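Comments concern the structure below.
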């Protein structure tokens, strides 16, 4: 309405003016035309923001994912030598996978909030992320508090829908139960340099594995990490990092652990003690002309080593000192060989270590499994648009001694709603 | 003692003259900023002319450059939505956060085209604020230059006069160039074209090209075989002179259609640096029009 009034006023002005212009030249006319166009533009820009009640609704995104898995063995069987580690496993047959609902918005000029709810196929709703971030600290400082994925390693804070494979590398599965989620505080600082240098620290409750989520007044876990990265010309970029994690484990129970006497179904052990993990991560990406929309290749690898030492109670009865150093790594490469199509290859390897077992348990607890679990996975995925992805993955899994298997997965990952920004 | 004082003063005055650090999301805004601010700015261009600015990654280097920027000059209108929010979040630089004076979005100062009447991803990767590829119409640079010059003056008041002069000089020269381009491009009026990606509404509206169809049925979506067959049959009824694409786009869809319909594939620089000839803003449009004229023959 207003726009029309302005427009007619402008046209009237133009008409009135044009009477004088008859005597003028083409240039004046063009000038006037431009003025009117500018006026029109300004009027268009001036339309007020939508002030409806829902205008302040946060950005909402929903990830729908599902997998079909064909496995050779019961996925509940852990990797040999890692029965006391996490085993997120796979699912056989058709399964919904995890759908994820994300909500985020600025809260006020100082804070913004993000929540991610995972809708499990069984029907439950778990809070994956729920954190507050500061907007105003500036000077490269970011403070985050609430529930978040730890910033350690390269893959840890990436959500499942951004994974390049159906599953996480073995080392993330056994060391972090796929991803280390914490309730706590994270502080990151970006150095004021041309090269990307980021330092971060976290203290948390010790909620996610290997933490045991115990009630205590102090911090249950702490993380330190540093990342450094840069471009090499316009076509290559890289990032490397180191991470340290430590937590105190209280009465961590592991079931179905194999033992020296060969108890059928294994035994239940309890571990209490310290757990310290160090990690290295690196990623390198290359894209012709730096145009990742068409073609790119990326290489990444991570290594983690964990030392645990404390007391192991064998079969809930026999306590004795216990310490072990376990490690593992993966290397993978993913290439987008033409727009919308990618393929990837990944190799995983774990080392269960040789445990120091106290005399009381020497005849019961297996100290050395003498087996190194490995896995090789290949995937091919097709993304019709930025919002949908279909994937085929085939893996040769040799993580359980005497039980090698071939795995086939089909997966879909779809995102609805807000167009989130992706991390590097 | 006097010497020390003198050196100290010299250092201070140097630091007060220090250039504004500008983070330009796309090469065209880097070039425009350079025109308007000359040596008063130090510009970092986040994307190359051969990169799809919608599909850039939030690389570590972008984060550290953004952390040190005083002014961000970007297209806006969701063009950078896949990476810039992440970069700004990680950079934690108050000077350039959305809403701050140091956050300049060019799309706010021009009349947007193709504002969708409905927002539905069934229509592909549509942008709520309209088509973000505003840099293909030379006329759009006039209001953007005016707004950018004001923003420079606001952030760096000591050089406000210079920015005002540069703006006046640029506007005059640019107006003359527009007249020249429009004269050169007169034969392009009504010429039927096919676009590989829906990224040219501003160019076609400006030069009066007639867009027959697009090889991409929906923005950001790979076309289906049946849709492409439909395009081919449509081109039999309504032949087009050429199929145009931006320098950063894959050449295969254009090549595919030229093998099946009688038209020429024309690659346009799309931004400064997209072709060796398009070395600045003026040659960007010189080259664009020259390539279109060659394709229309």
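Residue numbers (our numbering), protein chains in the order written: chain A, 839 to 1262; chain B, 555 to 851.
Even for Gly, the Cβ is constructed at its ideal location relative to N, Cα and C.
Treat the numbers as computed from the prediction; the structure is a model and nothing was measured.
Of all residues in the segment 964-979 of chain A, only 971, 972, 973, 974, 975, 976, 977, 978, 979 place a beta-carbon less than 9 angstroms from a beta-carbon of chain B. Counting the other Cβ atoms within 10 Å of the Cβ of residue 715 (chain B) gives fewer than 16, which makes it exposed.
Contact check for residue 967 (chain A) and residue 986 (chain A): beta-carbon distance about 6 angstroms, within the 8 angstroms limit, so the pair qualifies. CA-to-CA, the gap between residue 923 (chain A) and residue 1014 (chain A) works out to about 9 angstroms. Taking 8 angstroms as the threshold, the shortest C-beta distance from residue 948 (chain A) to chain B does not fall below it.
For residue 720 (chain B), the enclosing alpha helix (DSSP H) begins and ends at 714-738. Listed in chain order, the non-local C-beta contacts of residue 814 (chain B) below 7 angstroms within the same chain comprise 786, local neighbours out to five positions each way being set aside.
When C-beta distances to chain B are compared with 8 angstroms, every residue of the segment 922-954 of chain A stays at or above that value. Residue-level contact by beta carbon fails for residue 995 (chain A) and chain B, as no gap is shorter than 8 angstroms.
Closer than 8 angstroms to the CB of residue 802 (chain B) there is at least one CB belonging to chain A.
Around the beta carbon of residue 974 (chain A), fewer than 16 other beta carbons sit within 10 angstroms, so the residue counts as exposed.
Of all residues in the segment 1203-1235 of chain A, only 1222, 1223, 1224, 1225 come within less than 8 angstroms of chain B when Cβ atoms are compared, listed by chain position.
By the C-beta criterion, the segment 1233-1246 of chain A is judged to be in contact with the segment 1209-1218 of chain A, since at least 3 inter-stretch pairs fall below 8 angstroms. Contact residues of the segment 588-608 of chain B toward chain A are 602, 604, 605, 606 (C-beta to C-beta distance below 7 angstroms). Separation of residue 948 (chain A) and residue 972 (chain A) (C-alpha to C-alpha, rounded to the nearest whole angstrom) is 6 angstroms.
Note on geometry: alpha-carbon atoms of residue 788 (chain B) and residue 750 (chain B) lie some 15 angstroms from one another.
Under the Cβ distance rule, residue 1127 (chain A) counts among the residues neighbouring chain B, one pair being separated by less than 8 angstroms. Contact note: residue 1132 (chain A) reaches chain B through 804, using a C-beta cutoff of 7 angstroms and chain order.
Note that the C-beta distance between residue 663 (chain B) and residue 626 (chain B) is not below 8 angstroms. Under the three-state reduction of DSSP, residue 577 (chain B) is assigned to strand. At the C-beta level, residue 609 (chain B) and residue 1225 (chain A) stay beyond 8 angstroms of one another. Closer than 7 angstroms at the C-beta level to chain B, one finds these residues of the segment 1068-1093 of chain A: 1068, 1069, 1072, 1075, 1077.
The beta carbons of residue 817 (chain B) and residue 797 (chain B) sit closer together than 8 angstroms. Interface with chain A (8 angstroms Cβ-Cβ cutoff): residue 657 (chain B) is excluded.
Straight across, the Cα-Cα distance linking residue 1209 (chain A) with residue 1021 (chain A) is about 35 angstroms.
As computed with DSSP, residue 1010 (chain A) is found in no beta bridge at all.
The beta strand (DSSP E) runs lying completely inside the segment 1102-1161 of chain A and spanning 3 residues or more are 1105-1124, 1134-1152, given in chain order. Taken in chain order, the complete beta strand (DSSP E) segments of 3 or more residues contained in the segment 961-1048 of chain A are 963-972, 979-987, 1019-1028, 1034-1042. Shown here, residue 694 (chain B) sits in a helix according to DSSP, grouped into three states. Ranked by how close their Cα comes to the Cα of residue 586 (chain B), the residues B:702, B:666, B:766 have B:702 in first place.
Interface flag for residue 1030 (chain A) against chain B is set, since a Cβ pair is found closer than 8 angstroms. Comparing alpha-carbon positions, the option among B:649, B:596, B:669 lying closest to residue 708 (chain B) turns out to be B:649. Sequence-distant Cβ neighbours of residue 1161 (chain A) in its own chain, meaning closer than 6 angstroms and more than five residues away, are 1147, 1194.
Under the DSSP assignment, residue 938 (chain A) falls in the beta strand (DSSP E) whose first and last residues are 937-944. Of the candidates B:594, B:606, B:588, B:614, B:614 places its Cα closest to the Cα of residue 1120 (chain A). Close partners of residue 613 (chain B) in chain A (Cβ separation under 7 angstroms): 1069, 1075, 1262.
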